[in-house]
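Novice:
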Amino acid sequence: MYDETTPVLIVGGGVVGLSTSLFLSAHGVRSVLVERHPGTAIHPRAWGWYPRTLELYRSVGLTDAIYAESAGFAGHVLNGKVESLTGREIHMSRIPDEEDVSDISPIERLVSLPQDRIEPLVLDRANDLGADIRFGVELVDLARDDEGVTATVQDRKTGARRTIRAEYLVAADGTHSPIRERLGIRRHGRGVVRHQMSILFRADLTGPLAGRRFAICQVENDRVEGILGHDDSLGQGTLIVTYHPEKGERPEDFTDERCVELVRAAVGVPDLEVGLRSVMPWEMGALVAERFTGGRIFLVGDAAHVVPPVGGYGANTGIHDAHNLAWKLHAVLTGQASPALLGTYDAERHPVGVTVMTQAGLRLATRGGFATDEQKAAVRDTLMVTFGYVYDSSAVAAEPGDTVPAAPPGPGGVRTAALVDPRQLGGRPGTRAPHVWLRRDGERISTLDLFGQRPVLLLGSAGEPWRVAATAAAKRLGVDLDIHRIGADLVEDDRPWHDTYGVAPQGAVLVRPDGFVCWRSPADAEATESTVERVLGALLHR
Numbered sequence: 001m002y003d004e005t006t007p008v009l010i011v012g013g014g015v016v017g018l019s020t021s022l023f024l025s026a027h028g029v030r031s032v033l034v035e036r037h038p039g040t041a042i043h044p045r046a047w048g049w050y051p052r053t054l055e056l057y058r059s060v061g062l063t064d065a066i067y068a069e070s071a072g073f074a075g076h077v078l079n080g081k082v083e084s085l086t087g088r089e090i091h092m093s094r095i096p097d098e099e100d101v102s103d104i105s106p107i108e109r110l111v112s113l114p115q116d117r118i119e120p121l122v123l124d125r126a127n128d129l130g131a132d133i134r135f136g137v138e139l140v141d142l143a144r145d146d147e148g149v150t151a152t153v154q155d156r157k158t159g160a161r162r163t164i165r166a167e168y169l170v171a172a173d174g175t176h177s178p179i180r181e182r183l184g185i186r187r188h189g190r191g192v193v194r195h196q197m198s199i200l201f202r203a204d205l206t207g208p209l210a211g212r213r214f215a216i217c218q219v220e221n222d223r224v225e226g227i228l229g230h231d232d233s234l235g236q237g238t239l240i241v242t243y244h245p246e247k248g249e250r251p252e253d254f255t256d257e258r259c260v261e262l263v264r265a266a267v268g269v270p271d272l273e274v275g276l277r278s279v280m281p282w283e284m285g286a287l288v289a290e291r292f293t294g295g296r297i298f299l300v301g302d303a304a305h306v307v308p309p310v311g312g313y314g315a316n317t318g319i320h321d322a323h324n325l326a327w328k329l330h331a332v333l334t335g336q337a338s339p340a341l342l343g344t345y346d347a348e349r350h351p352v353g354v355t356v357m358t359q360a361g362l363r364l365a366t367r368g369g370f371a372t373d374e375q376k377a378a379v380r381d382t383l384m385v386t387f388g389y390v391y392d393s394s395a396v397a398a399e400p401g402d403t404v405p406a407a408p409p410g411p412g413g414v415r416t417a418a419l420v421d422p423r424q425l426g427g428r429p430g431t432r433a434p435h436v437w438l439r440r441d442g443e444r445i446s447t448l449d450l451f452g453q454r455p456v457l458l459l460g461s462a463g464e465p466w467r468v469a470a471t472a473a474a475k476r477l478g479v480d481l482d483i484h485r486i487g488a489d490l491v492e493d494d495r496p497w498h499d500t501y502g503v504a505p506q507g508a509v510l511v512r513p514d515g516f517v518c519w520r521s522p523a524d525a526e527a528t529e530s531t532v533e534r535v536l537g538a539l540l541h542r
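So, in structure tokens, the structure goes:
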């Protein structure tokens with residue numbers, strides 16, 4: 001009846017789709033990814049990767065490759081506005097060093113690396129873990145029912161078609177997501193903010209750069225106005241300009257000849273030898289899908305939320321989507337959890353999507369000089385936006401009198417996520433588990449290195465009764481549970497673990513596979529099998 005079957009079908013092979021494949025493969029979940037383009041991205045697109053994103057990649061063994069690939073961009077620190085690269089400097093400053101967050105993360109700071117350079121790394125690591133990723137294959141038809149989806153895909157070279165039956169589908173198919181449209185899921189938000197054209201080119205920029213290395217370079221003269229970026233080889237660049245459909249301007253107006261002239265005007269070399277690689281129109285927008293799920297279909301990345309690029313939140317948020325969804329799919333597919341757990345994907349990630357879109361929009365207004373005082377006051381630190389979002393769902397055992405601040409309503413009264421200073425997380429349920437350095441068999445590791453595959457119960461030095469109770473409860477439930485007792489198999493290497501997580505030495509903290517705290521024991525709690533069974537059952541919706 002079907003040409004093949006798979007537990008999960010992923011549609012879209014950008015950085016978010018590839019990350020979904022990577023995270024699922026790390027869990028041992030078989031999936032098939034189809035991407036209509038012949039390979040990974042060639043445009044730089046997203047550029048900065050926040051420490052929280054790198055923590056997720058660290059959990060699947062990818063950070064060393066990212067650090068090595070990004071080394072050439074370490075000196076790209078200038079923020080300038082010029083008439084052209086060879087012309088007058090209108091203003092020039094150095095971007096402040098990224099905040100050192102080594103006190104709260106095993107990742108010290110943000111890493112700069114364009115998306116076209118990080119995608120091959122994600123692809124290679126996913127392949128190492130057994131992923132099935134197929135480029136040049138397009139989804140052409142889709143049917144869904146209560147048991148799964150049936151997809152018809154077509155090889156774009158040969159025209160050959162195959163049917164794939166999947167229990168679940170992840171739509172990572174971009175801003176205009178045909179899958180989202182097929183589901184009839186509307187989007188809310190400001191809409192399209194600006195129409196942009198990215199001109200990717202090859203040229204020798206060594207001379208025009210004259211030893212400078214830009215993170216951001218605005219160009220403005222009587223022939224071109226836009227953003228000019230360059231890579232670490234100094235042989236490739238991207239010019240981003242705005243066009244105005246309301247004035248009758250069209251993408252088709254950007255002929256090869258015009259694009260070459262725009263690049264030459266931006267660089268300031270009239271006879272510059274320019275080789276065009278690609279010219280791509282795109283929309284700067286602010287939109288969030290009204291829901292991130294449709295039966296057994298899940299929206300991730302730009303299919304779920306389109307975020308203005310100010311702040312660099314878009315791709316990072318999409319990767320966090322993928323990580324949140326992957327462990328839940330694994331838990332359900334292996335029978336550890338009830339399918340009801342998958343309902344928490346929308347409950348947790350939709351408020352984050354609205355919050356991130358709102359924060360990026362506030363930053364855009366502030367940068368453009370048209371933000372009100374109230375809007376300026378509502379802008380939150382990037383660490384709060386990327387580290388400090390709080391989940392409020394049935395996969396979190398909220399504590400009585402929880403001190404997490406109430407989240408303000410988003411546009412149209414839509415629910416948003418509360419944001420907490422990541423240095424004040426304190427182990428509260430619904431927040432990212434704090435980073436504490438430990439030693440295991442002489443090796444220095446982070447508490448974060450303990451999370452990823454299955455739920456983890458962290459115990460204090462006097463927490464042996466919890467270990468006994470949890471071992472019995474997990475066995476009775478048939479649940480995979482890792483148990484670590486600080487002071488036994490692990491030793492503290494810096495600040496006290498129990499103080500950081502807000503429990504007594506005889507306490508316990510249950511952490512989900514995605515590194516978010518699910519539950520922690522009250523100070524006077526008795527260690528019982530029934531308590532552990534109750535919180536594990538609630539987490540997994542058993």
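Under UniProt numbering, think of the first position of the sequence shown as 1, with each following residue one higher. Cβ atoms here follow ideal geometry from the backbone N, Cα and C, with glycine treated the same way.
Of all the options T366, P408 and E399, which has the alpha carbon lying nearest to the alpha carbon of G352?
Specialist: Counting from 1 along the sequence shown, the entry for residue 352 is found at position 352. First, the amino acid is wrong: residue 352 is Val here, not Gly. Residue P408 is the option with its Cα nearest to V352.
Novice: Can you tell me whether Y67 is helix, strand or coil according to DSSP?
Specialist: Position 67 of the sequence shown, counted from the start, is the residue given in the question as residue 67. The answer is helix: DSSP assigns Y67 an H, G or I state.
Novice: For the putative contact between C259 and I199, defined by C-beta atoms under 8 Å, what is the C-beta separation to the nearest angstrom?
Specialist: Locating residue 259 in the sequence shown gives position 259, where the first residue counts as 1. Locating residue 199 in the sequence shown gives position 199, where the first residue counts as 1. About 5 Å separates the two Cβ atoms, so the contact holds.
Novice: Distance check for K247 and P106, CA to CA, integer angstroms please.
Specialist: Counting from 1 along the sequence shown, the entry for residue 106 is found at position 106. Counting from 1 along the sequence shown, the entry for residue 247 is found at position 247. If you take the alpha carbons of P106 and K247, they lie about 50 Å apart.
Novice: Give the single residue among R36, I319 and V224 whose Cα lies nearest to the Cα of K81.
Specialist: Indexing the sequence shown from 1 puts residue 81 at position 81. K81 has its Cα closest to that of V224, out of R36, I319 and V224.
Novice: Return the CA-CA distance between S521 and G301, expressed in angstroms with no decimal places.
Specialist: In the sequence shown, counting from the first residue as 1, residue 521 sits at position 521. In the sequence shown, counting from the first residue as 1, residue 301 sits at position 301. So the two alpha carbons sit approximately 35 Å from each other.
Novice: Keeping to the same chain, check which residues put their C-beta closer than 8 Å to that of V535; ignore five residues upstream and five downstream.
Specialist: Sequence index remark: in the sequence shown, residue 535 carries index 535 (1-based). Only A397, L510, C518 and W519 meet the Cβ criterion.
Novice: What separation, rounded to the nearest whole angstrom, lies between the Cα atoms of V267 and L457?
Specialist: The sequence position of residue 267 within the sequence shown is 267, counting from 1. The sequence position of residue 457 within the sequence shown is 457, counting from 1. Their backbone Cα atoms lie some 57 Å apart in a straight line.
Novice: Could you check how far apart the C-beta atoms of L299 and A171 are, in whole angstroms? I think they sit under 8 Å.
Specialist: In the sequence shown, the residue the question calls residue 299 occupies position 299. In the sequence shown, the residue the question calls residue 171 occupies position 171. L299 to A171, Cβ: 5 Å. Contact.
Novice: If you reduce the DSSP assignment to three classes, tell me which class Y501 lands in.
Specialist: Here residue 501 refers to the residue found at position 501 of the sequence shown. Reduced to three states, the DSSP call for Y501 is helix.
Novice: Could you give the distance in angstroms between the alpha-carbon of L333 and the alpha-carbon of P339?
Specialist: By 1-based counting over the sequence shown, the position of residue 333 is 333. By 1-based counting over the sequence shown, the position of residue 339 is 339. Whole-angstrom Cα-Cα distance: 8 Å.
Novice: With C-beta atoms as the reference, is R440 less than 8 Å away from D489?
Specialist: Here the question's residue 440 lines up with position 440 in the sequence shown. Here the question's residue 489 lines up with position 489 in the sequence shown. Yes; because the gap between Cβ atoms is below 8 Å, this pair is in contact.
Novice: What distance in whole Å lies between the Cβ atoms of R213 and V16, which are believed to be in contact at a cut-off of 8 Å?
Specialist: Taking the sequence shown and counting its residues from 1, one reaches residue 16 at position 16. Taking the sequence shown and counting its residues from 1, one reaches residue 213 at position 213. Not a contact, Cβ separation roughly 28 Å.
Novice: If you check the beta carbons only, do A131 and S21 fall under 8 Å apart?
Specialist: The residue you call residue 131 lines up with position 131 of the sequence shown. The residue you call residue 21 lines up with position 21 of the sequence shown. Contact flag set, yes.
Novice: Based on Cα-Cα distance, which residue from T528, Y67 and Q453 lies nearest to W327?
Specialist: Within the sequence shown, residue 327 is the residue found at index 327, counting from 1. When only C-alpha atoms are compared, the closest one is Q453.
Novice: Provide the residue(s) that pair with G311 in DSSP beta bridges, ordered along the chain.
Specialist: By one-based count along the sequence shown, residue 311 stands at place 311. Note: G311 sits in no beta bridge, so no partner.
Novice: Taking 8 Å as the limit between beta carbons, can you name the residues of its chain near D482, skipping five residues before and five after?
Specialist: Mapped onto the sequence shown, residue 482 falls at position 482. Excluding positions up to five away in sequence, the list reads L450, Q453, R454, P455, V456 and L457.
Novice: One question on the structure: do I185 and V111 come within less than 8 Å of each other, judged by their Cβ atoms?
Specialist: Position 185 of the sequence shown, counted from the start, is the residue given in the question as residue 185. Position 111 of the sequence shown, counted from the start, is the residue given in the question as residue 111. No, the pair does not count as a contact, with Cβ atoms beyond the cut-off.
Novice: Just curious, the alpha helix (DSSP H) that F23 is in, first and last residue?
Specialist: Here the question's residue 23 lines up with position 23 in the sequence shown. Here the alpha helix (DSSP H) through F23 covers V15 to A26.
Novice: Quick check: R363 and G311, are their CB atoms within less than 8 Å of each other?
Specialist: Mapped onto the sequence shown, residue 363 falls at position 363. Mapped onto the sequence shown, residue 311 falls at position 311. In this structure, G311 lies closer than 8 Å to R363 by Cβ.
Novice: Just confirm the distance between the C-beta atoms of G515 and R432, as a whole number of angstroms; I'd bet it's less than 8 Å.
Specialist: Sequence index remark: in the sequence shown, residue 515 carries index 515 (1-based). Sequence index remark: in the sequence shown, residue 432 carries index 432 (1-based). Yes, they are in contact, since the Cβ atoms of G515 and R432 sit about 6 Å apart, within 8 Å.
Novice: Can you have a look at D173 and say buried or exposed, based on whether 16 or more other CB atoms are within 10 angstroms of its CB?
Specialist: One-based indexing of the sequence shown puts residue 173 at position 173. By the neighbour-count rule (16 or more Cβ atoms within 10 Å), D173 is buried.
Novice: Should T6 and A166 be called a contact, given that it needs their Cβ atoms to be closer than 8 Å?
Specialist: Stepping through the sequence shown from its first residue, residue 6 is reached at position 6. Stepping through the sequence shown from its first residue, residue 166 is reached at position 166. Contact: yes.
Novice: A360 to H350, Cα distance in whole Å?
Specialist: One-based indexing of the sequence shown puts residue 360 at position 360. One-based indexing of the sequence shown puts residue 350 at position 350. If you take the alpha carbons of A360 and H350, they lie about 15 Å apart.
Novice: Three-state secondary structure (DSSP) at Q536?
Specialist: Position 536 of the sequence shown, counting from 1, holds the residue named residue 536. The question names Gln, yet the displayed sequence has Leu at residue 536. L536 falls in the helix class under three-state DSSP.
Novice: Can you tell me which residues form a DSSP beta bridge with M384?
Specialist: Here residue 384 refers to the residue found at position 384 of the sequence shown. Its beta-bridge partners do not exist; DSSP assigns none.
Novice: With a threshold of 16 other CB atoms inside 10 Å of the CB of M1, please say whether the residue is buried or exposed.
Specialist: Taking the sequence shown and counting its residues from 1, one reaches residue 1 at position 1. It counts as exposed.
Novice: Have a look at T447 and A371 and give me their C-alpha separation to the nearest angstrom.
Specialist: As a working note, residue 447 is residue 447 in the sequence shown. As a working note, residue 371 is residue 371 in the sequence shown. Straight-line Cα distance between these residues: approximately 40 Å.
Novice: Less than 6 Å between C-beta atoms, sequence neighbours within five positions excluded: which residues of the same chain meet that for A46?
Specialist: Taking the first residue of the sequence shown as position 1, residue 46 is located at position 46. Same-chain partners within the cutoff: Q115 and A315.
Novice: Determine the closest residue to L287 out of G388, V436 and T175, with distance taken between C-alpha atoms.
Specialist: As a first step, residue 287 must be located in the sequence shown, where it is residue number 287. It is T175 whose Cα lies nearest to the Cα of L287.
Novice: If you run the structure through DSSP and keep just helix, strand and coil, what is I179?
Specialist: As a working note, residue 179 is residue 179 in the sequence shown. Note: I179 maps to helix in three-state DSSP.
Novice: Using the beta-carbon count (16 or more within 10 Å), is T63 buried or exposed?
Specialist: Numbered from 1 along the sequence shown, position 63 holds the residue referred to as residue 63. T63 is buried by the Cβ-count criterion.
Novice: Would you identify the three-state DSSP class for R161, choosing helix, strand or coil?
Specialist: For the purposes of this step, residue 161 is identified with residue 161 of the sequence shown, where counting begins at 1. Three-state result, R161: strand.
Novice: Do you know how far the Cα of I10 is from the Cα of H320?
Specialist: Residue numbering aside, residue 320 sits at position 320 when the sequence shown is read from its first letter. Residue numbering aside, residue 10 sits at position 10 when the sequence shown is read from its first letter. Going from the Cα of H320 to the Cα of I10 covers about 16 Å.
Novice: Taking Cβ to Cβ, would you say L419 is nearer than 8 Å to Y391?
Specialist: Within the sequence shown, residue 419 is the residue found at index 419, counting from 1. Within the sequence shown, residue 391 is the residue found at index 391, counting from 1. Not a contact, by the Cβ cut-off of 8 Å.
Novice: Using DSSP with H/G/I as helix, E/B as strand and the rest coil, what is Q196?
Specialist: The residue you call residue 196 lines up with position 196 of the sequence shown. Strand, per DSSP.
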